[in-house]
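*Asks:* Numbers given in our numbering equal positions in the sequence shown, counted from 1, plus 836.
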Amino acid sequence: MSFDPSTPNLARMYDYMLGGKDNLGVDRAAIDQLTRHIPEAVPIAKANRAFLQRAVRQLAAAGIRQFLDLGSGLPTQGNVHEIVREASPDAKVVYVDHDPVVAAHARALLEEEGRVVFLQADLLRPTELLAAPEVTGFLDLSEPVAVLLVSILHFVQDAGDPAGMVKILRDALAPGSYLVLTHAVATIGREQAEESAKDVYRGSSTGGATGRTEAEIRAFFGDFELVEPGLVQVSDWRPDHPEILRDEALPGYLLAGVGRKMAK
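#1: Taking only runs that begin and end inside the region 978–1037, name each unbroken beta strand (DSSP E) of 3 or more residues, in chain order.
#2: Could you tell me the alpha carbon to alpha carbon distance between R1082 and V953, rounded to whole angstroms?
#3: Can you give the Cα-Cα distance for D868 and Y850, rounded to whole angstroms?
#4: Between E835 and L1091, what straight-line distance do the alpha-carbon atoms span, to the nearest angstrom?
#5: Return the Cβ separation of L955 and V932 in integer angstroms, given the expectation that the two are a contact with Cβ distance under 8 Å.
#6: Note down, in chain order, each residue of its chain lying with its Cβ closer than 6 Å to the Cβ of L1067, except the 5 sequence neighbours on either side.
#7: Measuring straight from C-alpha to C-alpha, what distance separates E964 and D958?
#8: When burial is assigned at 16 or more other CB atoms within 10 Å of the CB, is K1100 buried or exposed?
#9: Which one or two residues does DSSP pair with E1061 in a beta bridge?
#10: Could you spell out the range, first to last residue, of the beta strand (DSSP E) harbouring F903?
#11: What ranges does the alpha helix (DSSP H) occupy inside the region 854–922, keeping only unbroken runs of at least 4 residues that lie completely in it?
#12: Going by C-alpha distance, which of G1095, A891, A1085 is nearest E876?
#13: Using 8 Å as the threshold, is the region 1021–1033 in touch with the region 967–976, meaning 3 or more CB pairs across them?
#14: Would you tell me roughly how many angstroms separate the C-alpha atoms of S842 and D997, rounded to the nearest one?
#15: Take L1062 as the anchor and find which of M1098, T1046, E1052, D1035 has the nearest alpha-carbon.
#16: Let me make sure I understand the geometry here. Which of V992, L946, K1034 has the alpha-carbon closest to that of R961?
#17: Reducing DSSP to helix, strand and coil, say where D933 ends up.
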């Protein structure tokens, strides 16, 4: 993947939806087009980010001290390492992304941070990723790790074998580890709008997005035990203010769950 300022970039598009400044006009135009078809796209993106923060905060409070954030995207406010350190200053975080745009920004921001590493690697090669010195020299995979796959797997086409990729990750983790995941559903019945939204992503650096059924998304957890409340709409996963959600419900485009690897 090379830098192309004329093509909307997924990480920069997400940054724009979150209110960041690391984006270009082409990215903003793509999101503006997306929201014409799916008006709730930006609130869903913000709900996705809020879920990530809730999940890692709760895992850190529960004693998890190692986090592997795959498809981490551009650094922005409320990064994983900032959230987990509220509970544990000694927590370790490895950010992984294949995008050179992300790599340039992440290294510049994180170079002065302690106990944080960035690795530029291909998620479709999980065995190589897990064997990289940035991982093996920093994390102890014999101890629990939280693996974060937040809003990334729906950008992996079936030909890339996302199920096989995630299984390799699950198998490499010690009991007591967690998988934190969000994923877009195939449809909620707005077929024309959804197809137009897919066209936006087809024209971006991702090459397209693939929504999946609830059963397919649940299968990514394998034999991991889903913690309460299970696989739910992203804003419904342990919300900080549930009374607000009843008045501002979002369409169920994005499912979220956290699974725990149990001892055999």
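Note that CB positions come from ideal geometry on N, CA and C, so glycine has one too.
For clarity, every value in this text was computed on a predicted model and none was experimentally measured.
*Replies:* Straight from the coordinates:
#1: If you keep only unbroken beta strand (DSSP E) runs of at least 3 residues inside the region 978–1037, you get 982–986, 1014–1020.
#2: Low confidence applies to R1082: its pLDDT is 46, below 50, so where it sits in the model is not reliable enough to give any reading.
#3: 12 Å
#4: Past the boundaries of the shown model lies residue 835; the chain is included only from 837 to 1100, so the question cannot be answered.
#5: 5 Å
#6: R1054, L1091, G1093
#7: 8 Å
#8: exposed
#9: Per DSSP, R1096.
#10: 902–906
#11: 861–873, 877–897, 916–920
#12: A1085
#13: no
#14: Approximately 29 Å between the Cα atoms of the pair.
#15: Closest option to L1062, judged by alpha-carbon separation, among M1098, T1046, E1052, D1035: M1098.
#16: Of the candidates V992, L946, K1034, the one whose C-alpha sits nearest the C-alpha of R961 is V992.
#17: The DSSP-derived three-state label of D933 is strand.
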